[in-house]
Structure formats: structure tokens, C-alpha cells
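K.L.:
Quick one: the structure is below, and I'll ask about it shortly.
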Ligand SMILES: [Zn+2]
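Here's what the structure looks like:
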């Protein structure tokens, strides 16, 4: 990448005085960056969705680095339990609106910054108008409805989405931008998980420093896209395992049948998943009756050479990272069209990463004439933890 996403015509309007030369001196002495790169940052407008664990470090570093305008979307108030990782906010801010404490901290980091606050829940009604005026979006969301909405709106408006996700000790970062040749989030995960099937950050826990690592990674990717410096993470995903201190790099592919970024998309406007996808609402009555087996049961069945199909419903890139020997891959999004490849008379154990998507697959199979189906509780992560430590965790 050589140009960055800020049109050169916008640089002429950027004021750059002696004080700026002092403040950004360490950027100016980078030959790849220089005054031109700094002006591109100063001209840029970045939207950060969420002022939490990822949004805190990302927005702080972008403010310090000289991004001209930062928009912050958040409707929460600061809770004491946020302070373990959300470094935009301090102890004195508990009970305040996050957007307010964010503005104060960001302006202290860089008084020249223009901060635009969106003190609202990001939803299908306001998402397009909020995102429209920005050059790039940082995904600092911690829930699936907002994540899918951010993705779809960025696809519609052709804005790069710098994606970050964290759970427990692991983090991921990539850049979604179908208009720049990269996939979008739905190319990897076409539909949101069922309510209650995936723990959110507060349920699963997260190492406090981890969002710092991933959020700063997002800030670096944003700066590269804005200035044109270096090689972007477009089409590549970095996975960071804090426990093993390991980075891994995966190639991502666009899905030609993606529901939102393909040539014939089925989703053409913002969708609000809140109401049936919130982690706060209970699981449906159906999910309570889904037959389950444990990883110990599965091991015993494999050891005793029982005849059954182990069906893996994860995505191909996950399959490349780790798999259970003998499993067959049919990603959840393809299950309905590839149902004919399975025999309803067979015993089928369905497996995914942690048991959520596979529960949906079991439910779907039960509704479609399969009766000998069960879900592997805890998925391949439980298998790696309890049965085979040589299987990669991710
Ligand atoms: Zn897509």
C-alpha cells in the first residue's frame, strides 16, 4: 500500500505549525512518515465504536499520534469492574458517562484533537448516519449485535473496519474491507451465534492487559491505512495467545456467497440483532433439550471404535488451525445446502470451537429428520484442555 485512504486533496486544508513540528517530531523523523504522513493523520476522521477495553488504548494512542477527529460511540457509564482494563477511565470516573471521561482523557492527551461524542446505543437506526462521515472504524465492541451491525454498515459505506476481539487470554486483530479486496466479518461468520451460546467478556473473563495489546494493534493498523505506510492486515488475521506468548498469522478469504459483501447480497440494510441475540436474554427452550456428550464420552467412543460421524461445523480457517482426528468439516453456514451429504440413519456428534455453533447445528439437524445427533459440550477447546493437549488452542 502506498497511498493510504486519505485523499491528497484534503492535506492542503491541514494547518501545520511549529508547535505541531515539535509535538510530532518523532513521526517527522521517520522517512516513511514525514510531514505528509502527519498531515494525513491530522486530516483523518476515525470512529471508535466502544470506549471500553479495546477502544481505550486504540483511541488514546490515535489521539496522541495526531488523528484529527475521533468519534466515540458508547452509551455506558463507568463501572468499577471496567477499571481493570479500560484505561481511558479512572477511579474518579466511576458512575460517569464513558463518553465524558473519554473526552477529558483524550483532550488531555492531545488538545488539538477534535472529539465527537455519540452518547447512544449503536443500532440499526443510527448506525449509517454515525459512520458516514468517518474515514475508518475501530471495532471496540464486546457483543455480537453491535459487531455484526458495525461490519454490515462498514461494508455498505465502504469504510475499512479495524477489527479486534478478545477473550480470556487470546486476542485477534484484522482489517475487514471488501472494497479494498479483504473479506468482511460475515465472510468468516455469516450469522450471529444463538443467544446464550457464546459467553461475553464479563462471563468469560479477560486478562486486563490483553485488550491493551489488541487495541494498540488496531491503532497501528488504523495509522497504516490512513497514511499508506507499510503493509496492512487486509486479508490476514493475527491471533495472539498471551499464555504462550505466541503470535500466529492466518490468511483470510472472501466468501463468494457472503450474505453482505458478495455480488448478490441477501442483507442490504442495517439489521438490529438486539432482542434475539443479546447475551442477557435466556436460551430458547429448544436449546435446553439439545442432547450433549462430554469430551470424555467422545474419547471413550473413539477408543472403543464405535461407528459414528464426528461433524465439525467451524470455518475452514479454524479447521486449518486445529481439528479432532476423524472429524468431517461442513461449516455451519453451509449445513442447510449440504444436508444431503449426511445420512439421517447415522449417529452424529457435532462439534465446533466451544459448543455454541454446534448446538445450533444439532437443533437444525433434529428439525430436519435426524434423530441420533448430539452436541460436543465445550467443543474443540474442551478437547484440547481435557483430552489432547497437542491440539492447538485459538
Ligand atoms: Zn463478506
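Residue numbers (this note's numbering): 147 to 540.
Heads up, the beta-carbon is just placed ideally off N, CA and C, and yes, glycines get one too.
(1) Tell me residue 322's beta-bridge partners as DSSP assigns them.
(2) For residue 191, which beta-bridge partners are listed by DSSP?
(3) Between which two residues does the alpha helix (DSSP H) carrying residue 165 extend?
(4) Going by beta carbon distance, what residues of the same chain come within less than 7 Å of residue 444, once the five residues before and after it are set aside?
(5) Which of the three DSSP states is assigned to residue 175 in this structure?
(6) Compare the Cα-Cα distances from residue 230 to each of 262, 530, 254 and 203 and report the closest residue.
(7) How about residue 332: is its Cβ closer than 7 Å to a heavy atom in ligand 1?
(8) Just checking residue 499 against ligand 1 - is the residue's beta carbon closer than 7 Å to any of the ligand's heavy atoms?
(9) Under DSSP, the alpha helix (DSSP H) around residue 466 begins and ends at which residues?
(10) Assuming the contact rule is C-beta atoms closer than 8 Å, residue 351 and residue 287 should be a hit. Round their C-beta distance to whole Å, please.
(11) Counting only the same chain and skipping the five closest in sequence on each side, list residues whose C-beta sits under 8 Å from that of residue 477.
(12) Say the cut is 7 Å; is the CB of residue 400 nearer than that to a heavy atom of ligand 1?
(13) Straight-line CA distance for residue 194 to residue 167?
(14) Measure the C-alpha to C-alpha separation of residue 191 and residue 216 and round it to an integer number of angstroms.
(15) Within 8 Å, do at least three Cβ pairs link the stretch 198-213 to the stretch 222-241?
(16) Three-state secondary structure (DSSP) at residue 396?
(17) Among the residues of its own chain, which have a CB less than 6 Å from the CB of residue 430, if the five just before and after it don't count?
(18) Among the residues of its own chain, which have a CB less than 8 Å from the CB of residue 474, if the five just before and after it don't count?
(19) Confirm, please, whether the CB-CB distance from residue 332 to residue 257 is below 8 Å.
(20) Taking the beta strand (DSSP E) that residue 278 belongs to, which residues open and close that run?
(21) Taking Cβ to Cβ, would you say residue 295 is nearer than 8 Å to residue 416?
(22) Please name the residue in 527, 301 and 241 whose C-alpha comes closest to that of residue 327.
(23) At what residues does the beta strand (DSSP E) containing residue 363 begin and finish?
(24) State buried or exposed for residue 171, treating a residue as buried only when at least 16 other CB atoms are found within 10 Å of its CB.
(25) In this structure, how does DSSP classify residue 413 when only helix, strand and coil are distinguished?
(26) Taking 7 Å as the limit between beta carbons, can you name the residues of its chain near residue 272, skipping five residues before and five after?
(27) Could you tell me which of 306, 315, 504 and 439 sits nearest to residue 370, measuring between CA atoms?
(28) For the candidate residues 484, 485, 446 and 493, whose alpha-carbon lies nearest to that of residue 529?
(29) Could you check whether the Cβ of residue 404 sits closer than 7 Å to any heavy atom belonging to ligand 1?
(30) Given this structure, state the Cα-to-Cα distance separating residue 428 from residue 419, to the nearest angstrom.
(31) Please name the residue or residues paired with residue 378 in a DSSP beta bridge.
(32) I'd like to confirm something about residue 329: is its beta-carbon nearer than 7 Å to some heavy atom of ligand 1, or not?
(33) Looking at residue 300 and ligand 2, is the gap between the Cβ and the nearest heavy atom below 7 Å?
(34) Cutting at 6 Å between CB atoms, please list the residues of its own chain near residue 516, excluding the five before and the five after it.
(35) Residue 497 lies in the beta strand (DSSP E); which residues open and close that run?
(36) Indicate whether residue 356 and residue 320 have their beta-carbon atoms separated by less than 8 Å.
P.N.:
The structure says:
(1) Here residue 322 is taken as the residue at index 176 of the chain shown, counted from 1. DSSP lists 307 as partners of residue 322.
(2) Here residue 191 refers to the residue found at position 45 of the chain shown. For residue 191, DSSP records a beta bridge to 215.
(3) By 1-based counting over the chain shown, the position of residue 165 is 19. It spans 164-169 - the alpha helix (DSSP H) in which residue 165 sits, taken as one unbroken run.
(4) Residue mapping note: residue 444 aligns to position 298 of the chain shown, counting from 1. Excluding sequence neighbours, residue 444 sits near 495 and 522.
(5) For the purposes of this step, residue 175 is taken as residue 29 along the chain shown, with counting starting at 1. In the three-state reduction of the DSSP assignment, residue 175 falls in the coil class.
(6) Translated into positions along the chain shown, residue 230 becomes position 84. Comparing Cα positions, the closest option is 203.
(7) Position 186 of the chain shown, counted from the start, is the residue given in the question as residue 332. Within the cutoff, so yes.
(8) In the chain shown, residue 499 corresponds to position 353, counting from 1. The answer is no for residue 499.
(9) Position 320 of the chain shown, counted from the start, is the residue given in the question as residue 466. Residue 466 -> alpha helix (DSSP H) spans 462-467.
(10) The residue you call residue 351 lines up with position 205 of the chain shown. The residue you call residue 287 lines up with position 141 of the chain shown. Distance from residue 351 to residue 287 at the Cβ level is roughly 18 Å; contact not present, criterion being Cβ atoms closer than 8 Å.
(11) Indexing the chain shown from 1 puts residue 477 at position 331. The beta carbon of residue 477 sits closer than 8 Å to the beta carbons of 459, 460, 461 and 462 from its chain, once the five residues preceding and following it are set aside; these are given in chain order.
(12) Indexing the chain shown from 1 puts residue 400 at position 254. Proximity of the beta carbon of residue 400 to ligand 1 is indicated: a heavy atom of the ligand is located closer than 7 Å.
(13) Residue mapping note: residue 194 aligns to position 48 of the chain shown, counting from 1. Residue mapping note: residue 167 aligns to position 21 of the chain shown, counting from 1. Spanning the two alpha carbons is a distance of roughly 26 Å.
(14) As a first step, residue 191 must be located in the chain shown, where it is residue number 45. As a first step, residue 216 must be located in the chain shown, where it is residue number 70. Looking at the two C-alpha atoms, the distance is approximately 6 Å.
(15) Judged by pairs of C-beta atoms under 8 Å, the stretch 222-241 touches the stretch 198-213, as three or more such pairs exist.
(16) The residue given as residue 396 occupies position 250 in the chain shown. Correct three-state label for residue 396: strand.
(17) Translated into positions along the chain shown, residue 430 becomes position 284. With a pLDDT of 41 at residue 430, under the threshold of 50, the modelled position of that residue is not reliable, and the figure given next carries that caveat. Closer than 6 Å at the Cβ level, and outside the excluded window around residue 430, lies no residue.
(18) Here residue 474 refers to the residue found at position 328 of the chain shown. Around residue 474, the same chain offers 455, 456, 457 and 458 as residues with beta carbons nearer than 8 Å, after the five sequence neighbours per side are excluded.
(19) Taking the chain shown and counting its residues from 1, one reaches residue 257 at position 111. Taking the chain shown and counting its residues from 1, one reaches residue 332 at position 186. Not a contact, by the Cβ cut-off of 8 Å.
(20) On the chain shown, residue 278 is found 132 positions in, with the first residue counted as 1. From DSSP, residue 278 is part of no beta strand (DSSP E); its letter is neither H nor E.
(21) Counted from its first residue, the chain shown places residue 295 at position 149. Counted from its first residue, the chain shown places residue 416 at position 270. For residue 295 and residue 416, yes; Cβs fall inside 8 Å.
(22) Position 181 of the chain shown, counted from the start, is the residue given in the question as residue 327. Closest in alpha carbon position to residue 327, among 527, 301 and 241, is 301.
(23) For the purposes of this step, residue 363 is taken as the residue at position 217 of the chain shown. Counting along the chain, residue 363 falls outside any beta strand (DSSP E), though it belongs to the alpha helix (DSSP H) covering 356-373.
(24) As a first step, residue 171 must be located in the chain shown, where it is residue number 25. With fewer than 16 other Cβ atoms within 10 Å, it is exposed.
(25) As a first step, residue 413 must be located in the chain shown, where it is residue number 267. Three-state DSSP puts residue 413 in coil, outside helix and strand.
(26) As a first step, residue 272 is located in the chain shown; it is residue number 126 there, counting from the start. Close CB contacts of residue 272 within its chain, under the 7 Å cut and outside five residues either way in sequence, are with 266 (chain order).
(27) Against the chain shown, residue 370 aligns to sequence position 224. Nearest option by C-alpha distance: 306.
(28) For this step, residue 529 is matched to residue 383 along the chain shown. Proximity to residue 529 across 484, 485, 446 and 493 peaks at 446, based on C-alpha coordinates.
(29) Taking the first residue of the chain shown as 1, we reach residue 404 at position 258. Residue 404 Cβ: within cutoff of ligand 1.
(30) For the purposes of this step, residue 428 is identified with residue 282 of the chain shown, where counting begins at 1. For the purposes of this step, residue 419 is identified with residue 273 of the chain shown, where counting begins at 1. Any reading at residue 428 is ruled out, since the residue's pLDDT is 34, under 50, leaving its predicted position unreliable.
(31) As a first step, residue 378 is located in the chain shown; it is residue number 232 there, counting from the start. Partner residues in a beta bridge of residue 378, as assigned by DSSP, do not exist.
(32) Indexing the chain shown from 1 puts residue 329 at position 183. For residue 329, the shortest C-beta to heavy atom distance toward ligand 1 is below 7 Å.
(33) Ligand 2 is not part of this structure, which contains only ligand 1.
(34) Residue numbering aside, residue 516 sits at position 370 when the chain shown is read from its first letter. Same-chain partners within the cutoff: 490.
(35) In the chain shown, counting from the first residue as 1, residue 497 sits at position 351. Judged by DSSP secondary structure, residue 497 falls within the beta strand (DSSP E) whose first and last residues are 494-497.
(36) The residue labelled residue 356 in the question sits at position 210 within the chain shown. The residue labelled residue 320 in the question sits at position 174 within the chain shown. With respect to residue 320, residue 356 sits apart: the two C-beta atoms are not nearer than 8 Å.
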